[in-house]
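A.B. asks: Take a look at this one; I'll ask things after.
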Amino acid sequence: SSALALELSLQESLLLKSLGLSAKPSPKTPIPVPPVLWRIFQRRKTQPSMNKEPVDACRVEEFDVPGDIIRVFTDQGHFIPKGQPQGQLCLRKRLYFNLSMLEEDENVTMAQLEIKFHHNSYHTSSQGQIFELRLSQPSQVSLQGMPEPRQKLLVEQSFAQLHKSLLFNLSMVARDWRMHNRNLGLVLEVAVSGGDEVNELQGLCTSIDSFLDTSLLVVTLSQQCQVSRRRR
Amino acid sequence: RSAQHPPITLSNLCRPRRLYISFSDVGWENWIIAPQGYLANYCLGECPFPLTAELNSTNHAILQTMVHSLDPQGTPQPCCVPVRLSPISILYYDNSDNVVLRHYADMVVDECGCR
Chain A
36 SSALALELSL QESLLLKSLG LSAKPSPKTP IPVPPVLWRI FQRRKTQPSM
86 NKEPVDACRV EEFDVPGDII RVFTDQGHFI PKGQPQGQLC LRKRLYFNLS
136 MLEEDENVTM AQLEIKFHHN SYHTSSQGQI FELRLSQPSQ VSLQGMPEPR
186 QKLLVEQSFA QLHKSLLFNL SMVARDWRMH NRNLGLVLEV AVSGGDEVNE
236 LQGLCTSIDS FLDTSLLVVT LSQQCQVSRR RR
Chain B
114 RSAQHPPITL SNLCRPRRLY ISFSDVGWEN WIIAPQGYLA NYCLGECPFP
164 LTAELNSTNH AILQTMVHSL DPQGTPQPCC VPVRLSPISI LYYDNSDNVV
214 LRHYADMVVD ECGCR
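Chains as they are written, first to last, in the numbering used here: chain A, 36 to 267; chain B, 114 to 228.
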């Protein structure tokens with residue numbers, strides 16, 4: 036029976052390897068399935084399997100990019116003290132996504148950052164006041180874990196209202212993390228400006244307290260798919 | 114020389130047979146989120162002489178059955194194997210507890226053939 040158990044274990048590890056896994060996962064604190072992944076999964080499940088045209092298993096139609104693996108990474112970064120007031124800084128947070136799970140032979144074809152808030156801020160902002168969102172990439176991190184002043188600005192956008200969900204294309208950044216094997220994360224800042232009264236701006240800042248979380252959706256093309264695409 | 118084979122009927126010709134794979138049966142229910150199982154199927158059946166077009170045979174398989182009919186001991190019949198497979202998507206937790214949706218090729222047997 037021990038020989039059989041050993042053989043079964045070997046077979047299992049061979050299959051897990053072909054599925055792209057180093058070991059059998061055992062999730063400790065399973066997170067809820069992101070709705071976008073459920074939607075894609077359900078849509079694929081309902082597609083008839085005997086179509087005249089075979090489904091391209093190496094393309095993610097929903098995003099119109101090549102790929103066969105879609106991952107959603109949760110943010111592991113911490114909030115950063117706001118420090119000296121610069122305008123009215125409401126939120127400052129380090130974003131960190133551990134992409135080390137990606138295998139060597141996977142190519143990143145898309146990376147999309149989602150910043151989520153509990154609710155829209157339509158009712159809180161008044162005329163003339165705007166939210167400013169900045170996303171930057173630190174080039175160095177100090178010993179205290181604080182980003183050094185040298186930062187590359189990736190996104191700077193102003194909004195009259197903040198929406199529940201904001202999406203940003205970070206494909207180039209994710210490819211850069213992979214290529215240089217160096218991921219120092221990102222820094223997210225949200226500020227308000229344009230109001231006359233400090234109290235008014237502080238009131239607007241409280242609407243940012245509805246900040247929920249961020250996640251990074253990454254689409255990759257595995258070696259297996261790259262070979263089959265070339266063959267076709 | 115005559116081969117000792119049971120009579121060939123339509124029911125024992127090479128074709129896909131129903132096989133439902135349940136991920137809980139292999140102890141994977143903790144990390145595979147969906148599906149809980151799927152209809153994978155398998156191929157089983159005879160590839161007798163003469164091979165017909167319905168058996169999805171290759172020219173090589175046709176010749177092999179001819180040789181087999183002349184020398185049943187020395188040459189086996191062609192094998193009944195999958196010739197068309199389709200992919201499925203699996204939603205699972207990886208080794209870092211991230212949720213992953215992956216499209217896997219060659220998971221479902223759609224057609225079998227004598228090869």
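Backbone N, C-alpha and C define an ideal beta-carbon position, used for all residues, glycine too.
With DSSP collapsed to three states, give me the class of A/Q259.
C.D. replies: Here A/Q259 sits in helix by DSSP.
A.B. asks: Out of curiosity, what's the CA-to-CA distance linking A/R169 and A/H198?
C.D. replies: Approximately 15 Å, taken between the alpha carbons.
A.B. asks: Take A/H215 as the anchor and find which of A/L134, A/T255 and A/G229 has the nearest alpha-carbon.
C.D. replies: Here the closest residue by C-alpha is A/L134.
A.B. asks: With 8 Å set as the bound, which would you pick, yes or no: does the beta-carbon of B/Y133 sit closer than that to a beta-carbon of chain A?
C.D. replies: For B/Y133, the answer is no, since every Cβ of chain A falls outside 8 Å of its Cβ.
A.B. asks: Taking contact to mean 3 or more Cβ pairs, one atom from each stretch, closer than 8 Å, check whether the segment 134-147 of chain A and the segment 249-256 of chain A are in contact.
C.D. replies: With a cut-off of 8 Å, the segment 249-256 of chain A and the segment 134-147 of chain A count as touching, because enough Cβ pairs lie within range.
A.B. asks: Taking the C-alpha atoms as reference points, what is the distance between A/A226 and B/R197?
C.D. replies: Whole-angstrom Cα-Cα distance: 57 Å.
A.B. asks: When you compare each of A/L56, A/L49, A/V262 and A/D211 to A/R136 by their alpha carbons, which one comes out closest?
C.D. replies: Note on residue identity: the sequence assigns Met, not Arg, to residue 136 of chain A. Out of A/L56, A/L49, A/V262 and A/D211, A/L56 has the C-alpha closest to the C-alpha of A/M136.
A.B. asks: What number of angstroms, rounded off, separates the C-alpha of A/P67 from the C-alpha of B/E142?
C.D. replies: If I take the Cα positions, the gap works out to 16 Å.
A.B. asks: For a cutoff of 8 Å on Cβ pairs, would you count A/G112 as touching chain B?
C.D. replies: Answer no: the Cβ-Cβ gap between A/G112 and chain B never drops below 8 Å.
A.B. asks: Residues of chain A with a CB under 9 Å from the CB of B/D138: which are they?
C.D. replies: Ordered by position in chain A, no residue passes the 9 Å Cβ test against B/D138, which lies about 12 Å from the chain.
A.B. asks: Can you find the residues in the same chain that come closer than 6 Å, C-beta to C-beta, to A/E97, ignoring five residues on each side of it along the sequence?
C.D. replies: Within the same chain, A/E97 has close Cβ partners I75.
A.B. asks: Using a Cβ cut-off of 7 Å, pull out every chain B residue sitting near A/A271, in sequence order please.
C.D. replies: One cannot answer for residue 271 of chain A here, as it falls past the ends of chain A, which runs 36 to 267.
A.B. asks: On the DSSP bridge assignment, give the partners of A/K187 in chain order.
C.D. replies: DSSP output for A/K187 lists A/Q172 as bridge partner(s).
A.B. asks: Taking the alpha helix (DSSP H) that A/L202 falls in, what are its first and last residues?
C.D. replies: Premise fails: A/L202 lies in the beta strand (DSSP E), S200 to N204, not in any alpha helix (DSSP H).
A.B. asks: Do you know offhand how far A/E139's Cα is from B/Y155's?
C.D. replies: Those two C-alpha atoms are separated by around 33 Å.
A.B. asks: Under 9 Å between beta-carbons, which chain A residues line up against B/N143? List them in chain order, please.
C.D. replies: Neighbours of B/N143 on chain A, chain order: K59, P60, S61, P62 and P65.
A.B. asks: Leaving aside the five residues before and after A/D248 along the sequence, list all residues of the same chain whose C-beta is less than 7 Å from its C-beta, in chain order.
C.D. replies: Closer than 7 Å at the Cβ level, and outside the excluded window around A/D248, lie D110 and K151.
A.B. asks: Which residue from B/R215, B/V194, B/G187 and B/S202 puts its Cα closest to that of B/L222?
C.D. replies: Looking at the sequence itself, residue 222 of chain B is Val, so the reference to Leu does not match. Checking every option, the nearest Cα to that of B/V222 belongs to B/V194.
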